[in-house]
Amino acid sequence: MTGSPTLKYLAGYPEPLLQQAQALLAEGRLGELVARKYPGRHAVQSDKALFEYAQALRQRYLKTAPPLAKVLFDNRLDLVRGTLGLQTRVARVQGSRLQRKHEIRVAALFRDAPEAFLRVIVVHELAHLKEGGHDKAFYQLCRHMEPDYHQLEFDMRLWLTVKDP
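First residue of the sequence shown: 1, per the UniProt record's numbering; consecutive thereafter.
Take a look at the structure:
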């Protein structure tokens, strides 16, 4: 099951979960299950609203983190390689000083996602403001901002599997 192209968003999860997801997908019930658990979509539809959404989370949980220069939905993120969000540091020389700006880009697909899934992506990218890698400290920070982070990430990956089989 691990090599199944229909489960590309679930790579790395235990085999029993993959088998269960594959069975639900084959029966056509996976989408229904996710939609029942996460009905509707969020109200964050513009780049400005997304910036305010991310800024509110940063202000609440990461007050000492560097400020965000830009947060936007990006149509160019490559879902094929699994890029759902991206946090970048742009450094520019202004006079004799190095100016750093932090940007977050979220795959445009998440405009139509349930709020919980948008939150997972934003929390993940915000955590990169403090923690560069995907280590224990990084995931502890994600769980600090969203206690159900791991379950929501798994459910989001199920949603992506249905959206892009």
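Don't be surprised by glycine CBs; every beta carbon is placed ideally from N, CA and C.
Please read all numbers here as calculations on a predicted model, not as lab measurements.
Alpha carbons only, please: which of the options is nearest the one belonging to residue i?
i: H128; options: A65, T161, K70; result: A65
i: K101; options: E131, L7, L160, L68; result: L68
i: V122; options: P39, L141, L7; result: L141
i: R76; options: E32, V106, K63, G95; result: V106
i: S46; options: L10, Q22, L98, V71; result: V71
So, under 8 Å CB-CB, residue i and residue j are touching, yes? Tell me the CB distance rounded to an integer number of Å.
i: V34; j: V162; result: 6 Å
i: Y53; j: M145; result: Actually they do not touch by this definition, with Cβ atoms about 13 Å apart.
i: K37; j: D155; result: 7 Å
i: G85; j: E27; result: Contact doesn't hold; Cβ gap of about 30 Å is too wide.
i: A116; j: L158; result: The Cβ separation is near 12 Å, so there is no contact.
i: F73; j: L50; result: 6 Å
i: L30; j: L24; result: 4 Å
i: L7; j: Q22; result: 6 Å
Taking the beta strand (DSSP E) that residue i belongs to, which residues open and close that run?
i: A107; result: 97 to 107
i: F73; result: 68 to 74
Where does residue i fall in DSSP's three states?
i: G85; result: strand
i: L77; result: coil
i: T64; result: coil
i: P14; result: coil
i: Q45; result: coil
i: L50; result: helix
i: L57; result: helix
i: D112; result: helix
i: D148; result: coil
i: G3; result: At G3, the pLDDT of 45 sits below 50, so the modelled position is not reliable and the matter cannot be decided from this model.
i: D164; result: coil
Hey, could you find the ends of the alpha helix (DSSP H) residue i is sitting in?
i: L141; result: 136 to 145
i: R36; result: 30 to 37
i: H128; result: Neither: H128 is in no alpha helix (DSSP H) and is coded neither H nor E.
i: Y9; result: Premise fails: Y9 is in no alpha helix (DSSP H) and is neither H nor E.
i: E27; result: Taken as a continuous stretch (DSSP letters only), E27 belongs to no alpha helix (DSSP H), as it is neither H nor E.
Counting Cβ pairs closer than 8 Å, one from the stretch 29 to 46 and one from the stretch 103 to 117, do we hit at least three?
yes
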